[in-house]
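What follows is one structure encoded as structure tokens, with my remarks underneath.
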Amino acid sequence: MKKFAFSKIGQKLTSSIIRELLKDVNVPGMISFGGGVPDPKTFPRYKLSEVAKDVLENEFAFSLQYGPTEGDDVLKEAYINFLKRNDNIEGLTKDNLLITVGSQSALYLLSTILLDSESKYFVSKPVYLGAASAFSMNSMNHIDLPLSEDGIDTDLLEEKLLELDKKGEISKVRFIYVIPNFHNPAGVTLNLERRKKIIELAEKYDLLIIEDDPYGDLRYEGEGFPSLFKMAGKNRVLLLRTFSKVLSPGMRLGFVIGHEILIRKLVMAKQAVDLCSPSLTQRIAGRFLEKYDLKELLKPTIEIYRKKKDLMLEELERNFADMEGVHWTRPQGGLFIWLTLPEGYDTMEMMASGKKNGVLFIPGSAFSIGGGCDNSMRLSFCLPSEENIIEGVKRLKKTVVEYGKE
Ligand code: PMP
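So the sequence shown is numbered by my numbering: it starts at -16 and just counts up by one.
In structure tokens form, the structure reads like this:
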């Protein structure tokens, strides 16, 4: 086989475990709780198609052309209004906003401008794999904070920061990365007390917080908390949002909201990566936001997901309540439930029998850099039908019982 000489980063790159594991998703009869993709039925395709036609025919000089690296002013203005109306975030100008190719590319750009090989950063355990991949391109020095129902362990964060400060290494810490609402993969939400604590610690040690919030608008019940960005402002927090889970992931539109100095630096990095985000989808989304109330349009989507989430929780209760040591998170929104089996169960090993029984899930270790979370799994409830949720959880129980007997 022909050999090519790769860079150190190139050599480190491996295929995403999740993509590998989900290869069997199209096997006939398979029920998948694996992928975290939205239900296509929720895409507002006819409304988008109408706006797209108009944008293509009447705004072709912008929408089919290269655009500014910072993003389309029309979408920026519409999104600043959206943030004002829905998140009470005031005082933003266009200089506080960068439009990226989904928030995944924002994570990559942040890794580029913030991390050197000796830099340290805090992430949750389990972690969102896409963030871990982007950050570890430049530095492997992640410090893991375990998650509970209330979000990351802030006592441990305090302890670790104190330790680093004593060792004179605090300047190596570049950021604390949090997914505040309906965490991927754990489904949990950071409570108010912990939000305050993270901000207090970030103030004390002069650290940046990266707040990655793709799921905040998918709340099915209960009251939300203010964003860390709203609480602490642009000097302390960089907020990442995306249209992927609320409008369409195919449009590939993400938003970085933060201090103009950080935004400017990200713009320079983005120039080297892709010149600009797609003008066409930006302008379509901009006009779409001007015309429709996205929050209002999300109501039926929220209804669909809430029902599926409740059903999966009921079925987990029905099937696993009698099994000692099995527990799972109870998200109030988002797309994921995190199921944990007793110590000794290995969900990666269970994949094969799961597939044989016709059910797919993502093993916990896929969300853990350098090992751990072996006895957990991520279950996504957004894509399977209600009948398949019922049948899939039964198959999952069978798989777990069979494994326990081995
Ligand atoms: N952050 C988190 C926590 C996610 O779950 C995802 C998508 N699964 C992303 C970022 C990236 O999303 P996108 O690039 O589609 O905006």
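Every residue, glycine too, gets a C-beta built ideally from N, C-alpha and C.
Legend entry - Secondary structure of valine 171, DSSP reduced to three states: Taking the sequence shown and counting its residues from 1, the one referred to as residue 171 is at position 188. Reduced to three states, the DSSP call for valine 171 is coil.
Legend entry - proline 314 CB to nearest heavy atom of ligand 1 below 7 Å: Your numbering for residue 314 matches position 331 in the sequence shown. Answer for proline 314: no, Cβ out of range of ligand 1.
Legend entry - Own chain partners of glutamine 315 with C-beta closer than 8 Å, once the 5 adjacent residues on each side are dropped: In the sequence shown, the residue the question calls residue 315 occupies position 332. Counting only residues of its own chain and dropping the five nearest sequence neighbours on each side, glutamine 315 has a CB closer than 8 Å to the CB of Phe165, Thr172, Arg202, Tyr203, Glu204, Gly205.
Inset, instruction - Would you mind listing the beta strand (DSSP E) stretches within the stretch 189 to 259 that are 3+ residues and don't spill past its ends, in chain order? - result: 191 to 195, 220 to 225, 237 to 240
Legend entry - Separation of aspartate 148 from histidine 125, as counted between CA atoms: Here residue 125 corresponds to residue number 142 of the sequence shown, with the count starting at 1. Here residue 148 corresponds to residue number 165 of the sequence shown, with the count starting at 1. Looking at the two C-alpha atoms, the distance is approximately 16 Å.
Inset, instruction - Inspect the CB distances between the stretch 304 to 320 and the stretch 356 to 375 and report whether three or more fall short of 8 Å. - result: yes
Inset, instruction - Compare the Cα-Cα distances from serine 88 to each of Val250, Met295, Asn302 and report the closest residue. - result: Position 105 of the sequence shown, counting from 1, holds the residue named residue 88. Minimum Cα distance to serine 88 is reached at Val250.
Inset, instruction - Using DSSP bridges, identify the partner residues of phenylalanine 105. - result: Position 122 of the sequence shown holds residue 105. Answer by DSSP bridge pairing, in chain order: Ile126, Ile159.
Legend entry - Continuous beta strand (DSSP E) assignments of at least 3 residues falling wholly in the stretch 255 to 336: 319 to 323
Inset, instruction - Confirm the yes/no value for this check: CB of serine 227, any heavy atom of ligand 1, distance under 7 Å. - result: On the sequence shown, residue 227 is found 244 positions in, with the first residue counted as 1. Yes, the beta carbon of serine 227 sits closer than 7 Å to at least one heavy atom of ligand 1.
Inset, instruction - Check whether the stretch 254 to 263 touches the stretch 47 to 65, taking contact to mean three or more Cβ pairs, one atom from each stretch, closer than 8 Å. - result: yes
Inset, instruction - Please confirm whether any heavy atom of ligand 1 lies closer than 7 Å to the CB of aspartate 200. - result: For this step, residue 200 is matched to residue 217 along the sequence shown. In terms of side-chain proximity, the C-beta atom of aspartate 200 is found no nearer than 7 Å to any non-hydrogen atom of ligand 1.
Legend entry - the stretch 5 to 14 in contact with the stretch 339 to 347 per 3-pair CB rule at 8 Å: As far as the Cβ criterion goes, the stretch 5 to 14 touches the stretch 339 to 347, which means the pair count is three or higher.
Inset, instruction - Assign tyrosine 29 to buried or exposed, taking buried as 16 or more other Cβ atoms, counted over all protein chains shown, within 10 Å of its Cβ. - result: The count along the sequence shown starts at 1 and reaches residue 29 at position 46. Exposed, since its Cβ has fewer than 16 Cβ neighbours within 10 Å.
Legend entry - Cβ neighbours of leucine 272 in the same chain (closer than 8 Å, five flanking residues each side left out): Here residue 272 corresponds to residue number 289 of the sequence shown, with the count starting at 1. So the qualifying residues of the chain are Leu58, Ala61, Tyr62, Asn64, Phe65.
Legend entry - Residues bridged to threonine 83 (per DSSP): Sequence index remark: in the sequence shown, residue 83 carries index 100 (1-based). Note: threonine 83 sits in a beta bridge opposite Gly237.
Legend entry - Integer-rounded CB distance, given that glycine 134 should sit under 8 Å from arginine 68: Mapped onto the sequence shown, residue 68 falls at position 85. Mapped onto the sequence shown, residue 134 falls at position 151. About 26 Å; that fails the 8 Å criterion.
Legend entry - Unbroken beta strand (DSSP E) run spanning serine -1, endpoints: Translated into positions along the sequence shown, residue -1 becomes position 16. No beta strand (DSSP E) contains serine -1, which DSSP labels as neither H nor E.
Legend entry - glutamate 297 to serine 32 span [Cα, whole Å]: Taking the first residue of the sequence shown as position 1, residue 297 is located at position 314. Taking the first residue of the sequence shown as position 1, residue 32 is located at position 49. Going from the Cα of glutamate 297 to the Cα of serine 32 covers about 37 Å.
Legend entry - C-alpha distance - serine 336 paired with serine -2, whole-angstrom precision: Counted from its first residue, the sequence shown places residue 336 at position 353. Counted from its first residue, the sequence shown places residue -2 at position 15. Taking the straight line from one Cα to the other gives about 23 Å.
Legend entry - According to DSSP, residues forming a beta bridge with serine 359: As a position in the sequence shown, residue 359 is number 376, starting the count at 1. Its beta-bridge partners are Thr323.
Inset, instruction - Taking 8 Å as the cut-off, decide whether the C-beta atoms of aspartate 127 and lysine 108 are in contact. - result: Residue numbering aside, residue 127 sits at position 144 when the sequence shown is read from its first letter. Residue numbering aside, residue 108 sits at position 125 when the sequence shown is read from its first letter. In this structure, lysine 108 lies closer than 8 Å to aspartate 127 by Cβ.
Inset, instruction - May I have the straight-line CA-CA distance separating methionine 120 from arginine 289, to the nearest angstrom? - result: Counting from 1 along the sequence shown, the entry for residue 120 is found at position 137. Counting from 1 along the sequence shown, the entry for residue 289 is found at position 306. Answer to the nearest angstrom: the Cα atoms are 36 Å apart.
Inset, instruction - Compare the Cα-Cα distances from tyrosine 198 to each of Pro232, Lys338, Tyr188 and report the closest residue. - result: As a first step, residue 198 is located in the sequence shown; it is residue number 215 there, counting from the start. Among Pro232, Lys338, Tyr188, the Cα nearest to that of tyrosine 198 belongs to Pro232.
Inset, instruction - Examine the Cβ distances between the stretch 40 to 49 and the stretch 208 to 225 and report whether three or more of them are shorter than 8 Å. - result: no
Inset, instruction - Indicate, with yes or no, if ligand 1 has a heavy atom lying under 7 Å from the CB of isoleucine 135. - result: Translated into the one-based positions of the sequence shown, residue 135 becomes position 152. Result no, Cβ not under 7 Å from ligand 1.
Inset, instruction - Pick helix, strand or coil for glycine 17, following the three-state DSSP scheme. - result: By 1-based counting over the sequence shown, the position of residue 17 is 34. Note: glycine 17 maps to coil in three-state DSSP.
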